[in-house]
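K.L.:
In the order they appear, the protein sequences are chains A and B.
Each residue of the first sequence is one higher than the one before, counting from 32 in this note's numbering.
Each residue of the second sequence is one higher than the one before, counting from 32 in this note's numbering.
For each residue, glycine too, the CB sits at the ideal point set by N, CA and C.
Protein chains: 2
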Amino acid sequence: MLIPHPPSATLSDLATHKLAQSIVTGELAQGQKLNEAELAERFGMGRGPLREALRHLEGMRLVKRTPNAGARVVVLDRKTLSDLYTVREALEGMACRVAAAQMTDDEIADLSALLDKHEKQIAKQGGKVYAQSEGDLDFHFQIARGSGNQMLMDMLGSEQYQLLRMCRYRTSRNAQRTKPALNQHRQIVEALANRDGELAELLMRRHIQGAWRSISEMIDKEEKEVA
Amino acid sequence: MLIPHPPSATLSDLATHKLAQSIVTGELAQGQKLNEAELAERFGMGRGPLREALRHLEGMRLVKRTPNAGARVVVLDRKTLSDLYTVREALEGMACRVAAAQMTDDEIADLSALLDKHEKQIAKQGGKVYAQSEGDLDFHFQIARGSGNQMLMDMLGSEQYQLLRMCRYRTSRNAQRTKPALNQHRQIVEALANRDGELAELLMRRHIQGAWRSISEMIDKEEKEVA
DNA sequence: TTCGGTCGCTTTGTCGACAATCGGAGTTTT
DNA sequence: AAAACTCCGATTGTCGACAAAGCGACCGAA
Numbered sequence: 032m033l034i035p036h037p038p039s040a041t042l043s044d045l046a047t048h049k050l051a052q053s054i055v056t057g058e059l060a061q062g063q064k065l066n067e068a069e070l071a072e073r074f075g076m077g078r079g080p081l082r083e084a085l086r087h088l089e090g091m092r093l094v095k096r097t098p099n100a101g102a103r104v105v106v107l108d109r110k111t112l113s114d115l116y117t118v119r120e121a122l123e124g125m126a127c128r129v130a131a132a133q134m135t136d137d138e139i140a141d142l143s144a145l146l147d148k149h150e151k152q153i154a155k156q157g158g159k160v161y162a163q164s165e166g167d168l169d170f171h172f173q174i175a176r177g178s179g180n181q182m183l184m185d186m187l188g189s190e191q192y193q194l195l196r197m198c199r200y201r202t203s204r205n206a207q208r209t210k211p212a213l214n215q216h217r218q219i220v221e222a223l224a225n226r227d228g229e230l231a232e233l234l235m236r237r238h239i240q241g242a243w244r245s246i247s248e249m250i251d252k253e254e255k256e257v258a
Numbered sequence: 032m033l034i035p036h037p038p039s040a041t042l043s044d045l046a047t048h049k050l051a052q053s054i055v056t057g058e059l060a061q062g063q064k065l066n067e068a069e070l071a072e073r074f075g076m077g078r079g080p081l082r083e084a085l086r087h088l089e090g091m092r093l094v095k096r097t098p099n100a101g102a103r104v105v106v107l108d109r110k111t112l113s114d115l116y117t118v119r120e121a122l123e124g125m126a127c128r129v130a131a132a133q134m135t136d137d138e139i140a141d142l143s144a145l146l147d148k149h150e151k152q153i154a155k156q157g158g159k160v161y162a163q164s165e166g167d168l169d170f171h172f173q174i175a176r177g178s179g180n181q182m183l184m185d186m187l188g189s190e191q192y193q194l195l196r197m198c199r200y201r202t203s204r205n206a207q208r209t210k211p212a213l214n215q216h217r218q219i220v221e222a223l224a225n226r227d228g229e230l231a232e233l234l235m236r237r238h239i240q241g242a243w244r245s246i247s248e249m250i251d252k253e254e255k256e257v258a
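Laid out in structure tokens, this is it:
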């Protein structure tokens, strides 16, 4: 699992975890109202810990609260996603630049091996797109780790990552972009291996821009279907 | 005030607000233990709302909790600050790039006027460094606003901004950097006026790198004094 | 029919009390 | 005297109940 912290002592942390997972997997729909009593009973706990969990998620921006009206799952509209990808571009670009200077040769080799694995998965079966999707996130997260910057890891790992996964679950049906994406990943790894931080940043930025274009088109298509 | 939302209906939100302010102003020292009962009484509320506030702050990363051991104010050690400035460089650089395309001419003119005001303040009195400090933050935040990217605004405004202010309150005593900083600000505004996003991003990045070098040196000095 | 008001239910916000856990002081044992 | 054990106080985690606010339905009047 890529989920941050499975084992937690307190009920509140446990609820935080379960809710976050339910939200990113879409089990809880976007904009859905979160009833305290109902969720508390579902998780087998009192309303106190659950409320604390909601407050924690509020801080993480996974839910939005309005006083006296309860909490709702955030909605990822087009503008929000666009903003998210812009932030990602900045953050992951920087992560790449730093990683080029900080990662060990072994870590870079591991990254390359990860891509080999992805390639095999794609060759073997185009169907299992989901796995590639999670794999893609894994690749990006490994680079964040490689930067050694804890704050970058937190931001990309714990927060936006979740929003990202939400988005993936909605749009993971298209496999078109997996192969060009893999090539771009390879280019990035090569830049890292050459310790060319500047180029690595540039490539990652382009990669993310491309991903956004792809997602953006898909949203357009979806909206047309609805209309 | 630059504080986000003063008027809130619920006690919990109020506590969140007061605590955040107390933390960034240093009224609550870094690493200080936060006693629930004591704070609850100080704020004139029960422990429930206060606990929710702590959870919210935990999500904002202003406090760190360990199960069964309570919450403590985060400590900004050298590594954390370094990481923070790296993230800032990425985020504010991107904000500049986007702002160059999104801000109206009027907004850019306002920005320029803001710098005029700062210049007068500096010329009139070198002593009131704090005001310039807040003014500097104001400048940066206005650019974030100008990007029109809500997520950038949230991240730079609500979260790290707070950490930044914490840092400022610790290191606001040196006025050395105010004048070169102002010049760099002017260059950035000029790039924005020319709609040169690329240059604006580059300048902002350098500006923040310079700020970090300045702060870093100061920390070194402080550490030597202690030793 | 439609608009406005009132009533009641549901849900949220808050509090106080109880149980569980942790840290430390004091004491005992080797 | 040092180490470990035990007990106690303090603090956190959790629950249930009460108060308040919001939302919707129902009813009445224009």
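For B/Val-104, return the contacting residues in chain A, with the cut-off set at a CB-CB distance below 8 Å.
P.N.:
Near B/Val-104 there are no residues of chain A at all, since even the closest Cβ is about 15 Å away, more than 8 Å.
K.L.:
So what's A/Gly-75 in DSSP terms, helix, strand or just coil?
P.N.:
Looking at A/Gly-75 - three-state DSSP - the assignment turns out to be coil, as it is neither helix nor strand.
K.L.:
Return no unless some Cβ of chain B is closer than 8 Å to the Cβ of A/Thr-135.
P.N.:
Taking Cβ atoms only, chain B never reaches closer than 8 Å to A/Thr-135, which makes this a no.
K.L.:
Check each candidate in B/His-48, B/Ala-212 and B/His-87 and name the one with the smallest Cα separation from B/Arg-236.
P.N.:
Comparing Cα positions, the closest option is B/Ala-212.
K.L.:
Figure out for me which residue from A/Thr-209, A/Ala-68 and A/His-171 has the closest Cα to the Cα of A/Lys-151.
P.N.:
Per the Cα distances, A/Thr-209.
K.L.:
Taking 7 Å as the cut-off, does the CB of B/Lys-110 come closer than this to any heavy atom belonging to the ligand COA?
P.N.:
You won't find the ligand COA in this model; it holds no ligand whatsoever.
K.L.:
Measure how close the beta-carbons of A/Val-220 and A/Ile-153 come, nearest whole angstrom, since I'm counting them as under 8 Å.
P.N.:
Not quite, the Cβ-Cβ distance comes to about 16 Å (not below 8 Å), so this is no contact.
K.L.:
Label B/Gly-77 either buried or exposed according to how many other C-beta atoms from any shown protein chain fall within 10 Å of its C-beta, with 16 as the threshold for buried.
P.N.:
Per the 10 Å Cβ criterion, exposed.
K.L.:
My parser needs the alpha helix (DSSP H) runs of 4 or more residues fully inside the segment 69 to 156 of chain A; what are they?
P.N.:
As far as the segment 69 to 156 of chain A is concerned, its whole alpha helix (DSSP H) runs of at least 4 residues are 78 to 91, 109 to 133 and 136 to 155.
K.L.:
Closer than 7 Å by beta-carbon distance: list the chain A residues that pair up with B/Glu-83, in chain order.
P.N.:
Arg-82, Glu-83 and Arg-86, listed in chain order.
K.L.:
By Cβ distance below 6 Å, which residues in the same chain neighbour A/Arg-119 in space, the five residues on each side in sequence not counted?
P.N.:
Correct list, in chain order: Ile-239.
K.L.:
From what residue to what residue does the alpha helix (DSSP H) around B/Gln-215 run?
P.N.:
Where B/Gln-215 is concerned, the enclosing alpha helix (DSSP H) stretches over 209 to 224.
K.L.:
Would you please verify whether the beta carbon of B/Glu-90 is less than 8 Å from any beta carbon of chain A?
P.N.:
It is worth fixing the name first, because residue 90 of chain B is Gly in this sequence and not Glu. So, interface residue.
K.L.:
Kindly list the residues whose CB is nearer than 7 Å to the CB of B/Thr-47, restricted to its own chain and excluding five residues on each side of it in sequence; keep chain order.
P.N.:
Once the five neighbours on either side are set aside, the close Cβ partners of B/Thr-47 are Ala-84, His-87 and Leu-88.
K.L.:
Chain B beta carbons: is any one of them nearer than 8 Å to that of A/Asp-114?
P.N.:
So yes, A/Asp-114 belongs to the interface.
K.L.:
State the Cα-Cα distance for the pair B/Ala-68 and B/Ala-51, rounded to the nearest angstrom.
P.N.:
If you take the alpha carbons of B/Ala-68 and B/Ala-51, they lie about 18 Å apart.
K.L.:
Hey, does B/Asn-99 have any beta-carbon neighbour from chain A nearer than 8 Å?
P.N.:
So yes, B/Asn-99 belongs to the interface.
K.L.:
Given a cut-off of 8 Å, decide if B/Ile-174 and B/Ala-126 are closer than it, judged by their beta-carbon atoms.
P.N.:
Yes. Within cutoff.
K.L.:
Report back the beta-carbon spacing between A/Ala-130 and A/Ser-178 to the nearest angstrom; my notes put them in contact at under 8 Å.
P.N.:
Confirmed, about 5 Å.
K.L.:
Using a Cβ-Cβ cutoff of less than 6 Å, which residues in the same chain neighbour B/Met-182 once the five nearest sequence positions on both sides are dropped?
P.N.:
Result list for B/Met-182: empty, nothing under 6 Å.
K.L.:
What three-state label does DSSP hand B/Leu-59 in the structure shown?
P.N.:
It is coil, neither helix nor strand.
K.L.:
Taking only the alpha-carbon atoms, compute the straight-line gap between B/Glu-72 and B/Lys-252 and give it to the nearest angstrom.
P.N.:
If I take the Cα positions, the gap works out to 39 Å.
K.L.:
Assuming contact is defined by CB atoms lying nearer than 8 Å, are B/Gly-124 and A/Ala-121 in contact in what I supplied?
P.N.:
Yes.
K.L.:
When the Cα of B/Lys-49 is compared with those of B/Lys-64, B/Leu-70 and B/Gly-62, which residue comes out closest?
P.N.:
With distances taken between Cα atoms, B/Lys-49 lies closest to B/Leu-70.
K.L.:
Are the C-beta atoms of A/Leu-41 and some chain B residue less than 8 Å apart?
P.N.:
Inspection of the sequence shows that residue 41 of chain A is occupied by Thr rather than by Leu. Chain B contact via Cβ: present.
K.L.:
So A/Gln-61 contacts chain B; which residues on that side make the cut at Cβ distance below 9 Å?
P.N.:
Correct list: empty, because the minimum Cβ distance to chain B is about 16 Å.
K.L.:
Name the residue from A/Leu-234, A/Met-184 and A/Ala-102 whose alpha carbon lies nearest to the alpha carbon of B/Thr-117.
P.N.:
When only C-alpha atoms are compared, the closest one is A/Met-184.
K.L.:
Could you tell me which of A/Met-91, A/Ala-242 and A/Thr-41 sits nearest to A/Leu-187, measuring between CA atoms?
P.N.:
If we check each option's Cα against that of A/Leu-187, A/Met-91 comes out closest.
K.L.:
Quick check: B/Leu-65 and B/Val-104, are their CB atoms within less than 8 Å of each other?
P.N.:
Their beta carbons are under 8 Å apart, which means B/Leu-65 touches B/Val-104 by this criterion.
K.L.:
Can you say whether A/Asp-167 is buried or exposed, counting buried as having 16 or more other CB atoms within 10 angstroms of its CB?
P.N.:
Buried, since its Cβ has 16 or more Cβ neighbours within 10 Å.
K.L.:
Can you name the residues that DSSP bridges to B/Leu-65?
P.N.:
Looking at the DSSP assignment, B/Leu-65 forms a beta bridge with B/Ala-102.
K.L.:
What's the gap between the Cα of B/Met-249 and the Cα of B/Arg-96?
P.N.:
Cα-Cα distance, rounded: 29 Å.
K.L.:
If distances are taken between C-alpha atoms only, which option among A/Thr-111, A/Leu-234, A/Gly-79 and A/Asp-227 comes closest to A/Ser-247?
P.N.:
Selected option, being the one with the closest Cα: A/Thr-111.
K.L.:
Assuming contact is defined by CB atoms lying nearer than 8 Å, are B/Pro-80 and A/Thr-41 in contact in what I supplied?
P.N.:
No, these two residues do not count as a Cβ contact at 8 Å.
K.L.:
Quick one: what's got a C-beta closer than 6 Å to A/Glu-232's C-beta in the same chain, skipping five residues either side?
P.N.:
Counting only Cβ-Cβ distances below 6 Å, and skipping sequence neighbours, we find Gly-124, Cys-127 and Arg-128.
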